[in-house]
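Working notes, beginning with the structure itself.
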Amino acid sequence: QSALTQPASVSGSPGQSITISCTGTSSDVGGYNYVSWYQQHPGKAPKLMIYEVTNRPSGFSNRFSGSKSGNTASLTISGLHTEDEADYYCSSYTGSSALLYVFGTGTKVTVL
Amino acid sequence: EVQLLESGGGLAQPGGSLRLSCAASGFTVSSYAMSWVRQAPGKGLEWVSSISTSGGSTYYADSVKGRFTISRDSSKNTLYVQMNGLRAEDTAVYYCARRMTARAFDIWGQGTMVTVSS
Numbered sequence: 001q002s003a004l005t006q007p008a009s010v011s012g013s014p015g016q017s018i019t020i021s022c023t024g025t026s027s028d029v030g031g032y033n034y035v036s037w038y039q040q041h042p043g044k045a046p047k048l049m050i051y052e053v054t055n056r057p058s059g060f061s062n063r064f065s066g067s068k069s070g071n072t073a074s075l076t077i078s079g080l081h082t083e084d085e086a087d088y089y090c091s092s093y094t095g096s097s098a099l100l101y102v103f104g105t106g107t108k109v110t111v112l
Numbered sequence: 001e002v003q004l005l006e007s008g009g010g011l012a013q014p015g016g017s018l019r020l021s022c023a024a025s026g027f028t029v030s031s032y033a034m035s036w037v038r039q040a041p042g043k044g045l046e047w048v049s050s051i052s053t054s055g056g057s058t059y060y061a062d063s064v065k066g067r068f069t070i071s072r073d074s075s076k077n078t079l080y081v082q083m084n085g086l087r088a089e090d091t092a093v094y095y096c097a098r099r100m101t102a103r104a105f106d107i108w109g110q111g112t113m114v115t116v117s118s
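Protein sequence lines correspond, in order, to chains A and B.
Per the working numbering, the very first residue in the first sequence carries number 1; after that it's consecutive.
Per the working numbering, the very first residue in the second sequence carries number 1; after that it's consecutive.
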């Protein structure tokens, strides 16, 4: 199993909506509803934003939403804010002891 | 406040060893599955190792299996990873993370940098 595939970069203007895709296989994204998304600002630790495909941690902004279709998961950011500019990573549980969790290649979101 | 604080990173020679620690506060390490995730400079996140809630099961990425050992000390509320046989490709920021029941990592430490170089 290799890293989940994400676009290297996505950009949008403030107020716009963007969607980041995360493509895996039937052994990870397609096989489990354990897809999560993380936001990482430069020099900072990742921060959980979405878990179990669609759920947001308590108190987290509802501008972020997740979905999944087949082997591809997606993160949508609505009403882009300048502070949304960061790297975003998807992750999936795999059930394989040799690679229990696989992360995506990462997407740099730029707010124009 | 729920928090994780890593320590123990630094410079190691190829073939050398380091032990990273991750001190937890605000929750009990032995009540959760815990993991180590690393990030090489300028690269993405990579899962390294996990220990189950019971502590009875440990898991490793193929890239570190046989060289890294994850453990925890309930009395110190601390997670560890012993890293032996270090290689240049192990150079990364190492994060410890708490795993939710939902198989996501909800609490992360600030990371500790490991550099493997002669």
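Ideal Cβ positions, reconstructed from N, Cα and C, are used throughout, including at glycine.
Any idea what DSSP makes of residue i, helix, strand or coil?
i      : result
E83/A  : helix
E52/A  : coil
E1/B   : coil
A33/B  : strand
D62/B  : coil
D90/B  : helix
F64/A  : strand
M83/B  : strand
F27/B  : coil
T112/B : strand
A73/A  : strand
With burial defined as no fewer than 16 other Cβ atoms inside 10 Å of the residue's Cβ, what is the status of residue i: buried or exposed?
i      : result
L99/A  : buried
R99/B  : buried
L112/A : exposed
V116/B : buried
L4/B   : buried
R103/B : buried
V48/B  : buried
V2/B   : exposed
P46/A  : buried
S35/B  : buried
Measuring only from the beta carbon, is residue i closer than 8 Å to any heavy atom that is part of the ligand GDP?
i     : result
Q40/A : Absent from the structure shown: the ligand GDP. Ligands present: none.
Under 7 Å Cβ-Cβ, which residues of chain B neighbour residue i?
i      : result
P57/A  : D106
F103/A : G44, L45, E46 and W47
L48/A  : A104, F105 and D106
A3/A   : G44
G106/A : G44
Excluding five sequence neighbours on each side, which residues of the same chain lie with their C-beta closer than 6 Å to the C-beta of residue i?
i     : result
G9/B  : T112, M113 and V114
S74/B : S30
R67/B : N84 and G85
G12/A : I18 and L80
Y95/B : V37, W108, G109 and G111
Please compile the residues from chain B whose C-beta is within a distance smaller than 8 Å of the C-beta of residue i.
i     : result
Y34/A : A102, R103 and A104
Y89/A : G44 and L45
Output needed for residue i: all residues of its chain with C-beta closer than 7 Å, excluding positions within five of it in sequence on either side, in chain order.
i      : result
K108/A : A8, S9 and D87
In chain A, which residues lie with their C-beta within 9 Å of the C-beta of residue i?
i     : result
D62/B : A98 and L99
Going along chain A in order, which residues have a C-beta closer than 7 Å to the C-beta of residue i?
i      : result
Y59/B  : S97 and L100
Q110/B : A45
Which same chain residues, not among the five before or five after residue i, have their C-beta less than 8 Å away from its C-beta?
i     : result
Y32/A : S92, Y93, T94 and G95
Can you confirm whether the segment 70-86 of chain B touches the segment 36-43 of chain A when touching is taken to mean that 3 or more C-beta pairs between the two stretches lie within less than 8 Å?
no
Stretch-stretch touch, CB-based, cutoff 8 Å, three pairs: the segment 101-111 of chain A with the segment 11-23 of chain B:
no
Pair every Cβ in the segment 87-94 of chain A with every Cβ in the segment 50-58 of chain B, then say whether three or more of these pairs are closer than 8 Å.
no
Contact between the segment 45-55 of chain A and the segment 63-73 of chain A is defined here as three or more beta-carbon pairs at a separation below 8 Å; is this criterion met?
yes
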